[in-house]
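Residues in the sequence shown are numbered consecutively from -7, following this note's numbering.
Note that the Cβ used here is the ideal one computed from N, Cα and C, for glycine as well.
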Amino acid sequence: MTIRVLLADDQNLVRAAFALLVASAPDMEVVGEAGTGRQAVELARSVRADLVVMDVRMPDLDGIEATRLIAADDDLAGVKVLVLTTYDTDENIVEALRAGASGFLVKDTRPAELLDAIRTVAAGEALLSPGPTARLIERFLRSPAAPVAGGPDCLSAREREVLALVARGLNNTEIAESLGLSPLTAKTHVSRIMGKLGARDRAQLVIVAYESGLVTPGGG
């Protein structure tokens, strides 16, 4: 299946470079380009992209607010947002994840890694840039407001085990191997957990696992 990608960045040269890169991948196509956050939201609605590569700092409407509008739109429920930032210490990424972004990446990432990131986020598999993610989660834990409706208390013991492994960055196959399950059973557990917590994707599962104390930075 071809991944339909919308590129949102206020720098023309950056957008052009990303467009060439994405177009070079046989499993992707660029379906739109936006120079502002508001354009990104409008195009996400009109071109039916599978994934938006979203810069944080843009005029008119920044990437965080644009992400929040996309995530809140029921008609765009299947659209994933991959946020790009210049620095992996950008505090705004925490808010982007809270707003509904499915992952983030720093702009100095190698081209092949960006393509892999698009595939990963489009598949709903995991957060990206694990080192920076851990640091950002630590900062997230110091501020209030949960991004999802429920909490781990509504989960079974097995589901809590699965959630903890998701929070540590394991994919379904790795979760299955860790718990002695089939990959299909692991996938089913993850889907049920997302349903119980009202989470859009695995990114929000990671956040709620850390925020609730089920998993702690540097611990387990």
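Per the Cβ contact rule, the region 30 to 37 is in contact with the region 46 to 55 (3 or more Cβ pairs under 8 Å). Residue environment analysis places residue 25 among the buried positions, since at least 16 neighbouring C-beta atoms fall within 10 angstroms of its C-beta.
Note: residue -5 is bridge-paired with 20 in the DSSP secondary-structure output. Rounded to the nearest whole angstrom, the CA to CA distance from residue 159 to residue 201 is 6 Å.
Excluding five sequence positions before and after residue 23, the CB atoms of its chain that fall closer than 7 Å to its own CB belong to -4, -3, -2, 39 and 41, given in chain order. Taken through DSSP and simplified to helix, strand or coil, residue 78 comes out as coil. Bridge partners of residue 26 according to DSSP: 0. Across the set 1, 194, 13 and -6, the C-alpha of 13 shows the shortest separation from the C-alpha of residue 103. In the assembly as shown, residue 205 is an exposed residue. Its beta-carbon has fewer than 16 other beta-carbons within 10 Å. DSSP links residue 98 through a beta bridge to 77. Pairing residue 109 with residue 44 gives a Cβ-Cβ distance that is not under 7 Å.
Beta-bridge pairing by DSSP links residue 72 to 43. Going by C-alpha positions, residue 88 is about 8 Å away from residue 60. When the five nearest sequence neighbours on each side are left out, the beta carbons in the same chain lying within less than 7 Å of the beta carbon of residue 162 are those of 170, in order along the chain. Across the set 77, 27 and 72, the C-alpha of 27 shows the shortest separation from the C-alpha of residue 8. About 17 Å separates the beta carbon of residue 199 from that of residue 151, a gap too long to meet the 8 Å contact definition. In this structure, residue 164 sits away from residue 149, with a CB-CB distance that is not shorter than 7 Å. Inclusion of residue 46 and residue 86 in the CB contact set at 7 Å is not warranted, their separation being larger than that value. Counting every other CB atom within 10 Å of its CB across the protein chains shown gives residue -7 a total below 16, marking it as exposed. Residue 38 carries a helical assignment under DSSP once its states are collapsed to helix, strand and coil.
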